[in-house]
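> If you use mature numbering (1 follows the signal peptide of the UniProt record, and there is no 0), the sequence shown corresponds to residues -15 to -1, 1 to 207, in order.
Just so you know, even glycine gets a beta-carbon here, dropped at the ideal spot from N, CA and C.
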Amino acid sequence: MLLLSLSPLVVMANSSPPAEHPLCGDHEKLALLQFKQSFAIGTCEFCDFSRVESWGSEKESGDCCSWGGVHCDEDTGHVIGLDLSSSCLLGSLSPNSTLFSLNHFNFSEISSSLARLTKLKYLNVSKSFFSGQIPRDISVLLDLRSVDLSVDNVSSVEHPSALSGPVFRSLIQNLSRLEELHLGWLTRNSAIPHRMANLSSLRSLLLTDCGLHGDLWRGFFI
């Protein structure tokens, strides 16, 4: 009798509610729904159903992490992946699509594989929550016209992004066609290189709190 009366207590003590994962943010849910609305959903022989079609429906949870094809970080709830294969989406992806607002990279490093994008003209990874060293590979993208590596001035304290001296000098020396260069709140502590004078096409320069010091060449502003 004693064992029987204690057994339910043992079960209760060892049982625990299922672990809760963070829900996706409201802005991420809205971005996905607006992305869905920008396309028509057709039919084709290769797909029985569209993952996107059920997003936001009454049958789906309010948590977009549980939507078909949506993958979220287990610790933060941020959307980190989309599988839109066989979704029968019809239309074109606008450069202003809300999909591009899903830009939280969980303080990972910028991939050196950027060097493969040899025809890239515009690179904007500002406030995308990257951290670590800026890869030297950016300096080989000779067609670049605009580079924005600015970071969030709050998150940069705990998760700094750094631009080393050699990488910065290579960037300035090689990317002579640059029209915009934004490096706000990047971690640097060096003098402004004289090679800045090579950027004769530059129209916009942002160096807010990035640790550079010294004087710009006077002719730079002419």
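Using the Cα positions of D194 and G169, report the straight-line distance between them to the nearest angstrom.
6 Å
> Applying the criterion that 16 or more other CB atoms from any shown protein chain within 10 Å of the CB defines a buried residue, is K106 buried or exposed?
exposed
> For the beta strand (DSSP E) that contains D133, what are its first and last residues?
S131 to D133
> Residues in its own chain within less than 8 Å of L99 by CB, not counting five upstream and five downstream?
L105, L108, P120, D122, I123 and L126
> How far does the beta strand (DSSP E) with E164 in it extend, from its first residue to its last?
First-last for E164: undefined, no H or E at that position.
> According to DSSP, which residues form a beta bridge with I26?
L74
> Taking the alpha-carbon of L102 as reference, which of S111, K14, S77 and D128 has the nearest alpha-carbon?
The shortest Cα separation from L102 among S111, K14, S77 and D128 belongs to D128.
> If I'm right that L197 touches L166 with Cβ under 8 Å, what's the distance once you round it to whole angstroms?
L197 to L166, Cβ: 12 Å. No contact.
> Take C50 and list the residues in its own chain whose beta-carbon comes closer than 6 Å to its own, dropping the five residues that flank it on each side.
C9 and C57
> Comparing alpha-carbon positions, which option in L171, L160, S70 and M181 lies nearest Q118?
L171 is the residue among L171, L160, S70 and M181 whose C-alpha sits nearest the C-alpha of Q118.
> Would you tell me roughly how many angstroms separate the C-alpha atoms of S97 and L163, rounded to the nearest one?
A direct Cα-to-Cα measurement between S97 and L163 gives close to 20 Å.
> Which term fits E13, buried or exposed, when burial requires 16 or more other beta carbons within 10 angstroms of its beta carbon?
buried
> Is it the case that the Cβ atoms of S135 and C73 are separated by a distance below 8 Å?
no
> Residues in the same chain with beta-carbon distance under 7 Å from V139, minus the five sequence neighbours each way, listed in chain order, please.
Because the pLDDT of V139 is 46, which lies under 50, any placement of that residue in the model is unreliable, and the question is left without a value.
> Could you round the C-beta distance between L75 and V37 to whole angstroms and report it? I think they count as a contact, below 8 Å.
That belief does not hold up - the Cβ atoms of L75 and V37 are roughly 11 Å apart, past 8 Å.
> What number of angstroms, rounded off, separates the C-alpha of R130 from the C-alpha of S71?
36 Å
> Alpha carbon to alpha carbon, how far is L18 from S39? Give it in angstroms, no decimals.
Near 10 Å, if we compare the C-alpha coordinates of L18 and S39.
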